[in-house]
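Trainee:
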Amino acid sequence: MSDLIRMTATQIVDGLRAGSISPLDCIDALETRIAAVDGMVNALPTRCFDRAREHARQLMARPIDERGALAGLPVPIKDLTDVAGVRSTQGSPIYKDRIAPHPMCSSPISKAR
């Protein structure tokens, strides 16, 4: 198991700001952990790791001092919350194919990156 999974968000953000941890490291650790445990709980039925990696690459192209407070820290968003262009089941099989037309509370989270 990656050491990142055992770190606090503050420790990870400090490592991201120092450059000792990359946003891609965080995504890799998160993907590995979700693959290992989510089958038991199905908390994250829709996964957007390719999208997260693209955001991380864009973020890494900016100087560290120009990034937001949570820059590089992956924040899983439960599919009860709409994210534009992403499947949002609202926890129900009747919405299994619903694609969110617009973001809701994920917009402020995105701005912190």
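Going by the working numbering, the sequence shown runs without a break in its numbering and finishes at 133.
A virtual CB, placed ideally from N, CA and C, is assigned to each residue, including glycine.
It should be emphasised that the depicted structure is a prediction, and the values quoted were computed from it without experimental measurement.
1. For residue 41, which of helix, strand or coil comes out of DSSP?
2. Tell me whether the stretch 29 to 37 and the stretch 83 to 98 touch, counting them as touching only if at least three CB pairs, one residue from each stretch, are closer than 8 Å.
3. Tell me which residue opens and which closes the alpha helix (DSSP H) that residue 90 is part of.
4. Using DSSP's beta-bridge definition, name the partner residues of residue 119.
5. Would you kindly report the start and end of the unbroken alpha helix (DSSP H) that includes residue 25?
Mentor: This is what the structure holds:
1. One-based indexing of the sequence shown puts residue 41 at position 21. DSSP places residue 41 in coil when its eight states are reduced to three.
2. When Cβ pairs closer than 8 Å are counted between the two stretches, the stretch 29 to 37 is seen to touch the stretch 83 to 98, the count reaching three or more.
3. Position 70 of the sequence shown, counting from 1, holds the residue named residue 90. Note, residue 90: premise wrong, no alpha helix (DSSP H); not H, not E.
4. If you number the sequence shown from 1, residue 119 lands on position 99. 107, per the DSSP bridge assignment.
5. Along the sequence shown, one-based indexing puts residue 25 at 5. Counting along the chain, the alpha helix (DSSP H) containing residue 25 begins and ends at 23 to 26.
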